[in-house]
Structure formats: C-alpha cells, structure tokens
Amino acid sequence: MIAVASALAGGVAGAAAMAAADKAPIHSTVFDWDAAAAKPNEWGAVRQVVRERTPTLDELEIHISTLKPGQSPHAPHKHEHEELLIVKEGTLETFQNGARRRAGPGAIIFQASNELHNVTNVGTAAATYYVIGWESPKK
C-alpha cells in the first residue's frame with residue numbers, strides 16, 4: 001500500500017512539475033490566506049496556495065492542511081522531494097523513520113527526501129499547518 005501511494009504521489013508530482021515547466025517562473029509575491037479556498041475532505045480540509053516553477057526550482061508547492069482530531073492526511077509514505085511543515089495551531093505527532101515526536105504551534109517539521117513520514121492530529125481540536133515542498137533541478 002505504501003509503495004502504491006508513493007508511486008502515485010511521485011507520478012502526480014512529476015506530471016505537475018512537467019506542466020509547471022511550460023509556464024514562466026513565478027516572481028516575488030504575497031499569497032493571501034483568503035485567496036486559497038478551503039476544500040473540505042474526509043480528514044479535514046486543504047487550501048492549495050501555489051504549485052509553480054521558480055527561477056531556481058522546478059516546482060514550489062505550498063498548501064495549508066487542517067486535520068480533524070485523530071486524523072492523518074495519508075498513511076506513512078516517502079517521496080523524492082523535501083518538505084517543511086510549519087504548525088499554525090493544534091498539536092501534531094510526526095512519524096519519521098520509525099520515530100514519533102510532538103509538534104505544537106510554531107514548530108517546524110522537516111521531511112527529508114525518501115524518508116518514511118506522516119503526521120497525525122493528536123489534539124482535541126483542529127490542527128492547521130503549512131506545507132512547503134520543492135523540487136530541485138535534476139543534474
């Protein structure tokens with residue numbers, strides 16, 4: 001199941017990166033919270049902020065996830081790109097290569113390339129966090 005999820009995530013990310021390569025890179029900007037509408041789903045909601053090429057990255061992807069108590073956005077998985085998660089509110093438990101750690105408001109979680117990871121809302125209220133991912137140019 002994890003292999004299927006990883007392959008699917010990799011294929012989707014690869015297709016998005018190819019589509020982004022056809023467009024001009026984005027320049028300095030401000031992303032307004034209200035410009036990214038929340039789309040409810042079974043585990044909470046997601047706001048897609050940007051998924052574009054920059055002058056130095058094949059893809060910059062930013063979204064904001066809100067998890068209901070006890071929920072995870074997906075099973076533990078891994079992918080080639082790296083990510084930063086910044087906790088806005090609530091309490092997350094992060095699973096990284098077999099280790100579990102708690103992260104509260106203001107915490108920054110780094111997910112390295114090809115390392116097994118996921119997060120779960122272990123609090124009693126919604127947990128919201130920013131996800132910033134990037135694809136570096138292939139050499």
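Each residue of the sequence shown is one higher than the one before, counting from 1 in the working numbering.
Note that CB positions come from ideal geometry on N, CA and C, so glycine has one too.
- Shown here for I86: same chain residues with a beta carbon closer than 7 Å to its own, the five before and five after excluded, namely I108, Y129 and Y130 in chain order.
- DSSP, reduced to helix, strand and coil, places A107 outside both helices and strands of the structure shown, so it counts as coil.
- Assignment of beta-bridge partners to T56 by DSSP yields no partner.
- Here DSSP, grouped into helix, strand and coil, assigns A35 to helix.
- In terms of Cα proximity to E89, the closest of E52, V30, Q48 and K68 is K68.
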